[in-house]
Amino acid sequence: MLKTLGKKIREFWDRITRKAVRDWLLSPSWFGYKWVEKETVHDYLGRTKHVKKDKVYETVHKTETVKNPLPRNIEKRSELPDDRGWWGYSFWDVPARTSGETFMATLPDCCVVPCINPDDNQFWVTILNKDERSLEMDQITLRPWNMELLRSAKPAVEIEKATWFLERVFRNHSHWITSHLPKLILLKERDQLENVIFPPPELRTTVIESSFEILNIDPDKYRTFDHTRPLKVKELTVVEKDRFRPELLQSVRNTFCATPGTPHRRLYISRAKAKRRLLINEDEIWPLLEKLGFEKIFMEDLSFPDQITAMQQAEIVVAPHGAAITNVIFCSPGTHVVEIADLNFPNPNFYALCSAMGHHYWILNAESVGDMHPLEKDLKIDPKEVQSAVQKIIQ
41 MLKTLGKKIR EFWDRITRKA VRDWLLSPSW FGYKWVEKET VHDYLGRTKH VKKDKVYETV
101 HKTETVKNPL PRNIEKRSEL PDDRGWWGYS FWDVPARTSG ETFMATLPDC CVVPCINPDD
161 NQFWVTILNK DERSLEMDQI TLRPWNMELL RSAKPAVEIE KATWFLERVF RNHSHWITSH
221 LPKLILLKER DQLENVIFPP PELRTTVIES SFEILNIDPD KYRTFDHTRP LKVKELTVVE
281 KDRFRPELLQ SVRNTFCATP GTPHRRLYIS RAKAKRRLLI NEDEIWPLLE KLGFEKIFME
341 DLSFPDQITA MQQAEIVVAP HGAAITNVIF CSPGTHVVEI ADLNFPNPNF YALCSAMGHH
401 YWILNAESVG DMHPLEKDLK IDPKEVQSAV QKIIQ
């Protein structure tokens, strides 16, 4: 009886406190950040009177739907998987995919909450606005680890002005190149780097460091964040964009490949040295590719500038699904990209990337092997399928 009564009292208290935060705008900090509401930047600006949208908001690129070609080995759109899964869009969506708006907004009294998830050592960030609501942006959202940091005893770092461009897992190769470099280049082109918050040295990968060097940016001249402390900013500028916006992705190639390459190499990107998603019958496939003039490369053995050079020189790239395919962003338009992937767990990101970059994309369906999460499974494919696709390209 007492247990039931206690449960009802807790449920009643939860309803009241959540309503107080949502409807009466009481601070969620009073309740241990248990009830943090979420809203988009547009929703926030739409409901607030103290912020004039026309003075703090700028559209850089409008929302636009672009027609993209089907993969070269697919005859009908209906053959493409329509499972949106984790990605929010599917292979079926890419031929008429809508690129979201690119905008910049400067908001008052925000709190940036960067943290590292102790379970997998990955970076996550949320941004609370003036009313302590979480701003829902691309790859930026409220996670339990952010709330843990908010509840910690460490005081926030307080500054007057800042520009925030980082999203979740920025140390991931693919996320850095397609999500972060486009925003950094945009800010540099607009001469708006002055207040940018950079990752601290201990959180920078060799690719990130090399990117700064190529862009002629010295991150040590800028403020960095501390992932163990929130950052309170009187005037925070945020940048929102679509991850596969063609103009932004092409700016990466234009910036990093100032000297055009001469496409002449046929490259096979091997994952034999990777810890997961191996192509387990690569030994059957490689001899066929080698006879067709392919070189086998391991991206992890190349410096970032050398990776860029290799992609500039590629006329055909064949690779099993993995972050290394992201480097086709540096290939010349018209490069043939053949991805080997499990379409039972379809990830359309590289199809969208190739479409944005003007490449000829091919998707070969592989069989997944193993009893683990789909992201961890190895791949196996009929060697003749790979050989057949490549022979159609070189005919």
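The numbering of the sequence shown is the numbering used here, which starts it at 41 and goes up by one.
Where is the CB? At the ideal position from N, CA and C, for every residue including glycine.
For valine 152, the enclosing beta strand (DSSP E) stretches over residues 142 to 157. Sixteen is the threshold: since fewer than 16 other Cβ atoms of the shown chains lie within 10 Å of the Cβ of serine 118, the residue is exposed. For valine 76, no alpha helix (DSSP H) run applies, since DSSP gives it neither H nor E. Three or more beta-carbon pairs separated by less than 8 Å link the stretch 365 to 380 to the stretch 388 to 406, which places the two stretches in contact. By the neighbour-count definition (other C-beta atoms within 10 Å, threshold 16), arginine 55 is an exposed residue. Only buried fits histidine 213, as 16 or more other CB atoms lie within 10 angstroms of its CB. Taking the Cβ atoms as the reference, histidine 304 lies roughly 44 Å from proline 154, outside the contact range of under 8 Å. As the crow flies, the alpha-carbon of leucine 243 is around 10 Å from that of asparagine 161.
Counted as a single uninterrupted DSSP element, the alpha helix (DSSP H) harbouring histidine 82 occupies residues 81 to 87. Three or more pairs of CB atoms, one per stretch, sit closer than 8 Å, so the stretch 351 to 362 contacts the stretch 302 to 318. A straight-line Cα-Cα distance of about 14 Å links valine 152 and lysine 194. Leaving aside the five residues that flank alanine 136 on each side, the residues in its chain whose CB is nearer than 7 Å to its CB run, in chain order, Thr105 and Lys107. In the structure shown, arginine 305 adopts extended strand secondary structure according to DSSP, grouped into three states. Asparagine 405 is bridged by DSSP to Ala381. Methionine 177 sits in a strand when the DSSP states are folded into three classes. For valine 279, the uninterrupted beta strand (DSSP E) run begins and ends at 271 to 280, by DSSP. Arginine 211 sits away from threonine 166, with the two beta carbons spaced by 8 Å or more.
Fewer than three pairs of CB atoms, one per stretch, sit closer than 8 Å, so the stretch 180 to 194 makes no contact with the stretch 318 to 327. Note: phenylalanine 334 is bridge-paired with Arg306 in the DSSP secondary-structure output. Under the DSSP definition of a beta bridge, valine 236 partners with Thr203. Annotation for alanine 354: the continuous beta strand (DSSP E) segment containing it runs 354 to 360. When secondary structure is reduced to three states using DSSP, tyrosine 391 falls in the helix class. Between the alpha carbons of glutamate 172 and proline 270 lies a gap of roughly 13 Å.
Residue pairing of glutamate 198 in beta bridges, as defined by DSSP: Lys272.
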